[in-house]
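Asker: Right, I'll just put the structure down here and ask away after.
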Amino acid sequence: MYDLKEEIKSRLPVEDVVGQYVELKRAGRNLKGRSPWGVDKTPSFMVSPEKGIWHDFSANKGGDIFTFLMEVEGISFKEALEKLAARAGVDISKYKGGDPNVAKKKARAREALSLATKYYQACLVRNKPVCEYVFYKRNLNRSTVAEFKIGYSPASGTALIEVLNKRGFSLQELDDAGLLNQYKKDMFRDRMMVPFIDTNGDVIGFTARILGKGEPKYLNTPDTILFNKSRFIFGLYHAKESIRRSGYVVIVEGNMDVISSHQAGVKEAVATSGTAMTEQHLKILSNLTQDIRLAYDGDAAGVKATERAIMLAGDLGINLTVISNYHGAKDPDELIQKDPKLWQAAVEERVPAVDWLLDKYEENLDLSTAPGKKQYSDVALQLLSYVNDEIERASYEKKVAKKLEIEVEILREKGERLNKKLEQAAAHRYLKKPKTSVKSDKIKKLEDNLLALKVFGGVVKTKIPFEAPEDDAKLAELELIFNANHDGLTGTDYEKEAADLLAIYDAEAKKLQIAELNEKLAKIDEDSDEYMDVIKKIRDLQSK
Numbered sequence: 066m067y068d069l070k071e072e073i074k075s076r077l078p079v080e081d082v083v084g085q086y087v088e089l090k091r092a093g094r095n096l097k098g099r100s101p102w103g104v105d106k107t108p109s110f111m112v113s114p115e116k117g118i119w120h121d122f123s124a125n126k127g128g129d130i131f132t133f134l135m136e137v138e139g140i141s142f143k144e145a146l147e148k149l150a151a152r153a154g155v156d157i158s159k160y161k162g163g164d165p166n167v168a169k170k171k172a173r174a175r176e177a178l179s180l181a182t183k184y185y186q187a188c189l190v191r192n193k194p195v196c197e198y199v200f201y202k203r204n205l206n207r208s209t210v211a212e213f214k215i216g217y218s219p220a221s222g223t224a225l226i227e228v229l230n231k232r233g234f235s236l237q238e239l240d241d242a243g244l245l246n247q248y249k250k251d252m253f254r255d256r257m258m259v260p261f262i263d264t265n266g267d268v269i270g271f272t273a274r275i276l277g278k279g280e281p282k283y284l285n286t287p288d289t290i291l292f293n294k295s296r297f298i299f300g301l302y303h304a305k306e307s308i309r310r311s312g313y314v315v316i317v318e319g320n321m322d323v324i325s326s327h328q329a330g331v332k333e334a335v336a337t338s339g340t341a342m343t344e345q346h347l348k349i350l351s352n353l354t355q356d357i358r359l360a361y362d363g364d365a366a367g368v369k370a371t372e373r374a375i376m377l378a379g380d381l382g383i384n385l386t387v388i389s390n391y392h393g394a395k396d397p398d399e400l401i402q403k404d405p406k407l408w409q410a411a412v413e414e415r416v417p418a419v420d421w422l423l424d425k426y427e428e429n430l431d432l433s434t435a436p437g438k439k440q441y442s443d444v445a446l447q448l449l450s451y452v453n454d455e456i457e458r459a460s461y462e463k464k465v466a467k468k469l470e471i472e473v474e475i476l477r478e479k480g481e482r483l484n485k486k487l488e489q490a491a492a493h494r495y496l497k498k499p500k501t502s503v504k505s506d507k508i509k510k511l512e513d514n515l516l517a518l519k520v521f522g523g524v525v526k527t528k529i530p531f532e533a534p535e536d537d538a539k540l541a542e543l544e545l546i547f548n549a550n551h552d553g554l555t556g557t558d559y560e561k562e563a564a565d566l567l568a569i570y571d572a573e574a575k576k577l578q579i580a581e582l583n584e585k586l587a588k589i590d591e592d593s594d595e596y597m598d599v600i601k602k603i604r605d606l607q608s609k
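Counting from 66, one number per residue, gives the positions in the sequence shown under my numbering.
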């Protein structure tokens with residue numbers, strides 16, 4: 066794998082890869098630009114062509130061409146490797162040590178799905194009633210239908226099988242691709258076909274809407290060797306460039322909402338397909354932008370989905386807002402049919418997710434009664450436990466206290482009692498994240514700065530408990546960090562800087578340990594010896 070990476074890096078200069086996403090300008094021996102994650106006010110993105118590395122000081126990210134593509138595209142290392150290998154003209158198969166049969170199965174599945182997509186597109190063009198449904202009832206134009214590769218699956222139970230059998234595909238290969246049902250017949254029949262397209266532009270499955278009567282209304286490809294619904298984000302392939310340019314993403318509920326939104330000019334829209342939002346979904350999107358806008362319905366399901374999004378957002382540093390002004394329409398697709406400009410305006414008229422949820426709680430509870438106030442305080446405090454910023458949380462506490470007509474101190478006292486109960490309860494629906502939790506990127510930033518001082522500042526008196534890396538790319542990144550943050554200090558200043566940073570690091574590391582122990586505590590039996598051992602560890606840390 067090392068030889069493969071080095072071969073790719075030798076063919077693809079870091080400035081060429083990064084330059085496709087960031088406008089770079091010469092700054093001495095390095096290149097400088099604006100963060101692709103839109104978090105800097107002045108250029109703070111550095112590239113070292115000599116060393117083949119990059120570092121974004123505003124977002125605290127860095128590495129080589131592989132880590133850059135993983136971060137900016139929101140993809141795995143394997144996907145980045147495959148993408149860069151293709152760009153460099155490197156044959157991965159010569160370097161692979163994995164199971165060649167799995168690689169062959171995946172390649173055949175991709176080929177089958179690609180041919181199925183073309184077949185379904187051809188079937189759509191030949192079927193007048195289906196064309197009327199797609200172009201007139203759904204109001205999709207030809208450009209949109211072509212962009213999303215929309216097609217039609219015939220009503221016959223073997224039409225696709227017959228076509229692909231002639232192309233040399235066995236039933237097992239079609240099953241591997243998710244194209245067969247349990248009876249080994251065509252999975253999709255008499256449905257409008259919308260492909261699932263991954264970030265490389267390959268079809269990995271389908272979502273299919275029934276055209277006549279019957280259930281289910283939508284039928285999705287099950288998890289296969291190519292498709293994983295907990296990671297896949299519908300429309301991301303088409304949306305990622307717009308997300309980078311505008312600096313935000315819109316998450317809608319349905320795949321048709323995505324397609325209609327793109328046609329209406331809001332090309333930042335994506336959706337999770339056939340599953341609730343997962344942490345993986347949010348991590349992928351947060352690599353592209355920190356501005357995530359939810360376009361969910363205001364019903365109970367929408368409230369629950371928003372609660373889940375806030376819970377999962379956790380320490381990702383996401384600015385989570387809700388788009389709610391649908392002008393009487395039930396969802397984005399219906400609003401777009403009414404007037405595309407209203408949808409464009411709605412995307413800009415978002416409100417903070419916590420504010421939206423608090424308003425929803427208030428709508429559903431009678432705050433003029435004692436039971437209503439109790440319920441409101443319970444759900445509000447649970448929600449605020451996921452707000453990590455102390456100032457933001459304090460602001461919401463004041464807002465909730467005012468609604469309840471009580472003093473903030475009374476609300477906080479109840480919150481503290483609730484926190485204790487949550488930390489001791491293993492079966493609570495949403496485990497509270499302790500206030501002591503800290504962002505992993507904060508720890509990482511401190512570690513990188515301490516290592517930079519140790520390696521390039523010659524710090525020895527301050528005992529920095531990290532070994533200097535041997536990886537050339539990491540060393541080069543540390544040099545960039547040192548030159549940007551600590552260059553120009555004297556040896557004594559380096560020691561003082563290191564001592565100050567180490568004290569902060571120790572405090573943050575202790576917080577993180579306590580947070581991790583609290584999370585562990587919530588998952589074990591209160592009556593067990595292990596429970597008491599964890600309690601003791603937490604108390605020991607808190608007393609230090």
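Glycine included, every Cβ here is placed at the ideal spot set by N, Cα and C.
Within the continuous beta strand (DSSP E) that includes Ala-273, where are the two ends?
Answerer: First-last of the beta strand (DSSP E) with Ala-273: 268–275.
Asker: Exposed or buried, Val-259, counting other C-beta atoms within 10 Å across all chains shown (16 or more means buried)?
Answerer: So Val-259 ends up on the buried side.
Asker: How about Lys-602: is its C-beta nearer than 8 Å to some C-beta of chain B?
Answerer: Looking for chain B here will not work: only one protein chain is present.
Asker: What did DSSP end up calling Val-315 once you bin it into helix, strand or coil?
Answerer: Of the three classes helix, strand and coil, the one that applies to Val-315 here is strand, per DSSP.
Asker: Which value, in whole angstroms, describes the spacing of the CA atoms of Leu-239 and Thr-107?
Answerer: Between Leu-239 and Thr-107, the C-alpha separation is close to 52 Å.
Asker: Taking DSSP as the reference, what is the three-state secondary structure of Arg-256?
Answerer: Three-state DSSP puts Arg-256 in a strand.
Asker: Got a sec? Which residues, its chain only, sit under 8 Å from Ile-140 by beta carbon, not counting five neighbours each side?
Answerer: Hits under 8 Å: Leu-134, Lys-148, Thr-264, Ile-349.
Asker: Note down the Cα distance separating Pro-21 from Met-321, rounded to an integer number of angstroms.
Answerer: Look at the range of the chain in this structure, 66 to 609, and you will see that residue 21 is not part of it.
Asker: To the nearest whole angstrom, what separates the beta carbons of Tyr-559 and Leu-511, a pair I think is in contact under 8 Å?
Answerer: So it is not a contact: roughly 15 Å between Cβ atoms.
Asker: Residues bridged to Met-111 by DSSP?
Answerer: Answer is Lys-97, His-120, bridged to Met-111.
Asker: Skipping 5 residues on each side, what residues in its chain have a beta carbon closer than 7 Å to that of Arg-373?
Answerer: The answer, listed in chain order, is Ala-341, Met-342.
Asker: If you compare alpha carbons, which of Glu-306, Ile-269, Asn-230 is closest to Arg-175?
Answerer: That would be Ile-269, whose Cα lies nearest to the Cα of Arg-175.
Asker: Do Glu-427 and Tyr-441 have their C-beta atoms within less than 8 Å of each other?
Answerer: Taking 8 Å as the Cβ cut-off, Glu-427 and Tyr-441 qualify as a contacting pair.
Asker: Tell me which residue opens and which closes the beta strand (DSSP E) that Asp-362 is part of.
Answerer: Unbroken run through Asp-362: none, as it is neither H nor E.
Asker: Tell me which same chain residues have a C-beta within less than 8 Å of the C-beta of Gly-622, skipping the five on either side of it?
Answerer: Limits of the chain in this structure are 66 at one end and 609 at the other, which puts residue 622 out of reach.
Asker: Within 10 Å of its beta-carbon, does Ala-492 have 16 or more other beta-carbons around it, so buried, or fewer, so exposed?
Answerer: With a pLDDT of 34 at Ala-492, under the threshold of 50, the modelled position of that residue is not reliable, and the figure given next carries that caveat. Counting Cβ neighbours within 10 Å, Ala-492 comes out exposed, since fewer than 16 surround it.
Asker: Mapping the DSSP letters down to three states, classify Ile-298 as helix, strand or coil.
Answerer: If DSSP states are grouped into helix, strand and coil, Ile-298 belongs with the strands.
Asker: Tell me which same chain residues have a C-beta within less than 7 Å of the C-beta of Arg-477, skipping the five on either side of it?
Answerer: For Arg-477, where only same-chain residues beyond five positions count, the Cβ hits under 7 Å are Glu-462.
Asker: Helix or strand or just coil, what does DSSP make of Phe-261?
Answerer: Three-state DSSP puts Phe-261 in a strand.
Asker: Give every residue of the same chain whose Cβ lies closer than 7 Å to the Cβ of Glu-72, excluding the five residues on either side of it in the sequence, and list them in chain order.
Answerer: Contacts found: Val-155.
Asker: What would DSSP say about Ser-158, mapped onto helix, strand or coil?
Answerer: Helix, per DSSP.
Asker: Quick check: Lys-425 and Gly-363, are their CB atoms within less than 8 Å of each other?
Answerer: Yes.
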